[in-house]
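Residue numbers (the numbering used here), protein chains in the order written: chain A, 1 to 120; chain B, 1001 to 1355.
Ideal Cβ positions, reconstructed from N, Cα and C, are used throughout, including at glycine.
Given the structure is predicted, the values throughout are model-derived calculations rather than measurements.
Scroll down for the structure; my scribbles are underneath it.
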């Protein structure tokens, strides 16, 4: 069976979910269930009592990378149809795509110069 | 040349047999459930085998012997580990975000399982040869980062949170050069279907050099391999779970079977990345076919190539030290992205001019 098969696309995710639920249910049946104690259920931070909040405002560097990523991911979405058709389109499409990529290289250069790619 | 497409009739035979006592639509569904379970069995078996190989390989590389007590040559070690994980107490700390905490392992395992849907194990053994197979692989590969962030954030533990954030930053950064490297193979094959990409690598140059894409764009292969290491959090890029600084990263709070699902997915992804590299650059299931069991050989070659790449990953793991996070980010954005764009220029030139 070597073509697109939408029924597999519908059935297989359910099989995966069913499998993982089954595995966890099996473990629930098999595992030891000793009584719970407050100490056991506290956060594991190497045995040192937890201090302060965990859910705080996080450093901005992570989000900057995410923004640059979005720019490049959209670029790649546009490049995929071009890549599939390149054999048929030939030299003209090649030059067009190079111009497109060069424009994005300018964007990468700008992000670089502005320091969005530095881990501060 | 023996016929490698033997066994293609399994679908008709099984569905025909099932139709004997169930409605036809149910027979179709049951066939797909069976095929899906076969793939999930493959993932679980691979995880068990790979953990054993990893421990043996790393043991010998570090002048140790690795597991050797449980069973002959320690072969039963990972089976014993699996049984142990099954029996372990399941601890959910009181202050976690319960919804995210419980959902996270499912999401991670789901993404790993979906990836295996489009891997062409042999000419006939592919669960679903989607026409957008490559994009499907990339999309579900990065779905795992949602699960890691859910686990890291939901655990309400500082180590987990830092691990989860790092893993997302890393996956997001290495996604760009990885997808650009895959683009090269797509251009050469002119198709997004995994089966078509492998078919495009059939034949030999000059009668002895296989027409694998690695010879047309070695740079693309290297970039893909490095990004694959980063995407799966293998050692030079294992900051999300750096043991010496973050306890165990995003899965610090997980225990028992919930941890085992993360673990399964990790080793499943490790194999999937090698399998994808095999498909895109190393000619997939192409290899000499002998008249003995002709339909089995493509699968054997595919597994051999993928396992060899997995061995290289383990080799890297026991050789290199962990990067610092700023070095890792610089490496992705300032070295790999420009290099992968260069790879596209060269490969597209090959395709557009030489054809």
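> Looking at C-alpha atoms only, which residue of B:1294, B:1036, B:1062, B:1047 is the closest neighbour of residue 1077 of chain B?
Replying inline: Here the closest residue by C-alpha is B:1047.
> If we cut at 8 Å on Cβ distances, does residue 35 of chain A have a partner in chain B?
Replying inline: The beta-carbon of residue 35 of chain A is placed no less than 8 Å from the nearest beta-carbon of chain B.
> For the candidate residues B:1310, B:1057, B:1273, B:1287, whose alpha-carbon lies nearest to that of residue 1209 of chain B?
Replying inline: When B:1310, B:1057, B:1273, B:1287 are compared, the shortest CA-CA separation from residue 1209 of chain B is found for B:1287.
> Taking the C-alpha atoms as reference points, what is the distance between residue 1065 of chain B and residue 1056 of chain B?
Replying inline: Approximately 7 Å, taken between the alpha carbons.
>> In whole angstroms, give me the CA-to-CA distance for residue 1049 of chain B and residue 1040 of chain B.
In response: Taking the straight line joining both Cα atoms gives about 14 Å.
> Since residue 1345 of chain B meets chain A, which of its residues come closer than 8 Å, beta carbon to beta carbon?
Replying inline: Residues of chain A passing the Cβ test: 98, 101.
> Thinking just about the alpha-carbon of each residue, which of B:1165, B:1115, B:1162, B:1283 is nearest to the one in residue 1141 of chain B?
Replying inline: Answer by Cα proximity: B:1115.
>> If distances are taken between C-alpha atoms only, which option among B:1156, B:1188, B:1220 comes closest to residue 90 of chain A?
In response: Ranking B:1156, B:1188, B:1220 by Cα distance to residue 90 of chain A puts B:1188 first.
> If you pair each beta-carbon of the region 1141-1151 of chain B with each one of the region 1168-1187 of chain B, do three or more pairs fall below 8 Å?
Replying inline: Contact annotation: the region 1141-1151 of chain B touches the region 1168-1187 of chain B, with at least three C-beta pairs closer than 8 Å.
> Anyone know if the C-beta pair for residue 1121 of chain B and residue 1302 of chain B falls short of 8 Å?
Replying inline: Yes. Within cutoff.
>> Can you look up residue 1209 of chain B in the DSSP assignment and give me helix, strand or coil?
In response: In this structure, DSSP gives residue 1209 of chain B an extended state, which the three-state scheme calls strand.
> Taking three-plus beta-carbon pairs below 8 Å as touching, is the region 1071-1091 of chain B in contact with the region 27-46 of chain A?
Replying inline: With the cut-off at 8 Å, the region 1071-1091 of chain B and the region 27-46 of chain A touch.
> In the region 1190-1217 of chain B, which residues sit with their C-beta less than 7 Å from some C-beta in chain A, listed in chain order?
Replying inline: Flagged, chain order: 1190, 1191, 1192, 1195.
> Under a CB-based cut-off of 8 Å, is residue 1150 of chain B close to chain A?
Replying inline: Among the CB atoms of chain A, none fall inside 8 Å of the CB of residue 1150 of chain B.
>> Quick check: is the beta carbon of residue 1352 of chain B nearer than 8 Å to any beta carbon in chain A?
In response: With respect to chain A, the C-beta atom of residue 1352 of chain B has a partner C-beta closer than 8 Å.
> Hey, how far is the Cα of residue 1217 of chain B from the Cα of residue 38 of chain A?
Replying inline: Straight-line Cα distance between these residues: approximately 57 Å.
>> Buried or exposed, going by whether 16 or more other CB atoms sit within 10 Å of the CB of residue 1185 of chain B?
In response: With a threshold of 16 other beta carbon atoms within 10 Å, residue 1185 of chain B meets it and is buried.
> Leaving out five residues before and five after residue 1080 of chain B in sequence, what residues of the same chain have Cβ atoms less than 7 Å from its Cβ?
Replying inline: Around residue 1080 of chain B: 1070.
> Exposed or buried, which one is residue 1166 of chain B when buried takes at least 16 other CB atoms within 10 Å?
Replying inline: Flag for residue 1166 of chain B reads buried.
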